[in-house]
Each structure stands twice: as structure tokens, then as C-alpha cells.
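Chains as they are written, first to last, in the numbering used here: chain Z, 1 to 114; chain Y, 1 to 114.
Cβ atoms here follow ideal geometry from the backbone N, Cα and C, with glycine treated the same way.
Worksheet: one structure, shown below.
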Amino acid sequence: DTAVSQTPKYLVTQMGNDKSIKCEQNLGHDTMYWYKQDSKKFLKIMFSYNNKELIINETVPNRFSPKSPDKAHLNLHINSLELGDSAVYFCASSQFLTGDYGYTFGSGTRLTVV
Amino acid sequence: GDSVTQMEGPVTLSEEACLTINCTYTATGYPSLFWYVQYPGEGLQLLLKATKADDKGSNKGFEATYRKETTSFHLEKGSVQVSDSAVYFCALSDFGTGFQKLVFGTGTRLLVSP
């Protein structure tokens, strides 16, 4: 199926741990994003990559490090997890020059830090 | 920066009632406008879009018209169904930094009862 897929779907971990979330898209898009959705459903962009190059970094703490090995993958590594990092993280992709067609989102990763 | 304001929810309706969810935006340029829907436990899906003033986006009985004079993009449906229960997000595409990103409103939860 053509889609944006994220793993894992659920992640429960203790404060101070390091964890990664993976994202892959097979839509042939050249731009990928990470969004954070908080407990009130508010969505905020964290990062955007275009053809493996970082183009948007919305003042996210240094503990968050995205990595894009190729334009079909955008992974998110989080160091020293804090309680406030608990949220749902969504990966998305779009075709940069035709971004007006909107994004395709993954189904989200619910991160719970205890 | 650009921003989107949505009406607070939840919006509670009986099946077959009319729906309007208000959305207004602030933008320095001429953004494209979107409505996304998030069903429980799922990611966001593009519901409809409009790319220029007076455009009407429509899908699954929902529609919204890009009103530049009132900077609005209200979502409407003539007769809602229980299956429409979800969170609805208004969004605009922001090219303010030279790269496109979607800026979302806070979301409006719709609850439809039989």
C-alpha cells in the first residue's frame, strides 16, 4: 500500500531514556515532516526535510535529532526523555513544489514518558 | 507569523443536523487552505482544500469556501452522520520562511449522536 508508515505505534518509556521513532513513505514525495500533537490535540511542526536536507527546525530542544538517510525516510531520535515529551508524534510527507495538495500523514506514535 | 483560529469544541449535534465549524486565518501572503479530519486513534486525513480566493473545496458532503475578504474558511455540511464524529483541523500553507509548512488550528471535536 502507498502510505506514510511510522513505527512503533505506541512507546512507553522512563524518564532519561533515549528512544527513536521511524518513518517511511513510498509516495515518491521529496519533503517529510515531524509534527507533535499535545494532549489538547494542538499540532505543531517540529522539523522538515527536503531531499535529505533540513529546511525547517522550529526551535525544538537539542534532545530531538531528526535523521534522513534518504528522501523516503525521516527518523526521530530523542535523548534524555522528559515527562513533557509525552505526546503523539506524526510524520508526514508532501511533494515540495506542489505542496498545495497538502500532506499525507502517518498514523502517529503515542509516546508516554513515565 | 501566519496563524489559524478555530471555534472551540466540542460541537455536539444530532444525526442529520447542519454543521458549521468556523475557521479564520491570518496570513501575510496568499496561502492555500485545508481542512483535515482525525478519526479516533488515527492520523490526519485531508478532507478538502482551496488554493485561491472564492475557491470552494468539497468532499464527502463537506464544503468550505475560501473567503479572502473575511479571511475565513468555514467548514459546512448539510446533514451530519454518526460516522462524522472526529476532530476537524483547519490549516493553511505558510511559505513565510521560503519553505512550505502547514500551520494548524487547535482542532474542533465533533460529536454526532443517533
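Q) Checking contacts by CB at 9 Å: is residue 107 of chain Z closer than that to chain Y? A) Taking the first sequence and counting its residues from 1, the one referred to as residue 107 of chain Z is at position 107. So yes, residue 107 of chain Z belongs to the interface.
Q. Smallest Cα separation from residue 30 of chain Y: which of Y:82, Y:64, Y:8 and Y:2?
A. For the purposes of this step, residue 30 of chain Y is taken as the residue at position 30 of the second sequence. When only C-alpha atoms are compared, the closest one is Y:2.
Q. Can you tell me where the beta strand (DSSP E) with residue 74 of chain Y in it begins and where it stops?
A. One-based indexing of the second sequence puts residue 74 of chain Y at position 74. No beta strand (DSSP E) holds residue 74 of chain Y; DSSP gives it neither H nor E.
Q) Buried or exposed: where does residue 66 of chain Z fall if 16 or more other Cβ atoms within 10 Å of its Cβ makes it buried? A) Taking the first sequence and counting its residues from 1, one reaches residue 66 of chain Z at position 66. The residue in question, residue 66 of chain Z, is buried, as its Cβ has 16 or more Cβ neighbours within 10 Å.
Q. Listed in chain order, which residues of the stretch 8-22 of chain Z have Cβ atoms closer than 8 Å to some Cβ of chain Y?
A. Contact annotation: in the stretch 8-22 of chain Z, no residue has its CB less than 8 Å from a CB in chain Y.
Q) What did DSSP end up calling residue 55 of chain Y once you bin it into helix, strand or coil? A) On the second sequence, position 55 is the one that residue 55 of chain Y refers to. Of the three classes helix, strand and coil, the one that applies to residue 55 of chain Y here is coil, per DSSP.
Q. If residue 73 of chain Y sits next to residue 64 of chain Y, beta carbons under 8 Å apart, how far is it from one beta carbon to the other, in whole angstroms?
A. On the second sequence, position 73 is the one that residue 73 of chain Y refers to. On the second sequence, position 64 is the one that residue 64 of chain Y refers to. Right, the Cβ-Cβ distance comes to about 5 Å (below 8 Å), so this counts as a contact.
Q. Would you report the Cα separation of residue 32 of chain Z and residue 49 of chain Z, rounded to the nearest angstrom?
A. As a working mapping, residue 32 of chain Z is identified with position 32 in the first sequence. As a working mapping, residue 49 of chain Z is identified with position 49 in the first sequence. Between residue 32 of chain Z and residue 49 of chain Z, the C-alpha separation is close to 5 Å.
Q) Taking 9 Å as the CB-CB limit, is residue 27 of chain Z close to chain Y? A) By one-based count along the first sequence, residue 27 of chain Z stands at place 27. No, its Cβ sits nowhere closer than 9 Å to a Cβ of chain Y.
Q.
Tell me the DSSP secondary structure of residue 85 of chain Z in three-state form.
A. Here residue 85 of chain Z is taken as the residue at index 85 of the first sequence, counted from 1. It is helical.
**Q.** For residue 89 of chain Z and residue 76 of chain Z, believed in contact at Cβ under 8 Å, the rounded distance
**A.** As a position in the first sequence, residue 76 of chain Z is number 76, starting the count at 1. As a position in the first sequence, residue 89 of chain Z is number 89, starting the count at 1. With a Cβ gap of about 7 Å, residue 76 of chain Z and residue 89 of chain Z count as contacting.
Q. How is residue 82 of chain Y classed by DSSP in three states: helix, strand or coil?
A. Working through the second sequence from its first residue, we reach residue 82 of chain Y at position 82. DSSP places residue 82 of chain Y in helix when its eight states are reduced to three.
Q. Does the stretch 41-53 of chain Y come within contact of the stretch 65-84 of chain Y, defined as at least 3 CB pairs closer than 8 Å?
A. yes
Q. Taking the beta strand (DSSP E) that residue 60 of chain Z falls in, what are its first and last residues?
A. As a first step, residue 60 of chain Z is located in the first sequence; it is residue number 60 there, counting from the start. It is not in any beta strand (DSSP E) - residue 60 of chain Z carries neither H nor E in the DSSP assignment.
Q | Selected residue, minimal CA-CA separation from residue 101 of chain Y, among Y:76, Y:109 and Y:92 | A | Start at 1 with the first residue of the second sequence, and residue 101 of chain Y comes out as number 101. Selected option, being the one with the closest Cα: Y:92.
Q. Quick one: which chain Z residues come within Cβ less than 9 Å of residue 62 of chain Y?
A. By one-based count along the second sequence, residue 62 of chain Y stands at place 62. Ordered by position in chain Z, no residue passes the 9 Å Cβ test against residue 62 of chain Y, which lies about 15 Å from the chain.
Q) Leaving out five residues before and five after residue 22 of chain Y in sequence, what residues of the same chain have Cβ atoms less than 6 Å from its Cβ? A) By one-based count along the second sequence, residue 22 of chain Y stands at place 22. Answer for residue 22 of chain Y: 7 and 74, listed in chain order.
Q. Helix, strand or coil for residue 32 of chain Y per DSSP?
A. Within the second sequence, the letter at position 32 stands for residue 32 of chain Y. Correct three-state label for residue 32 of chain Y: coil.
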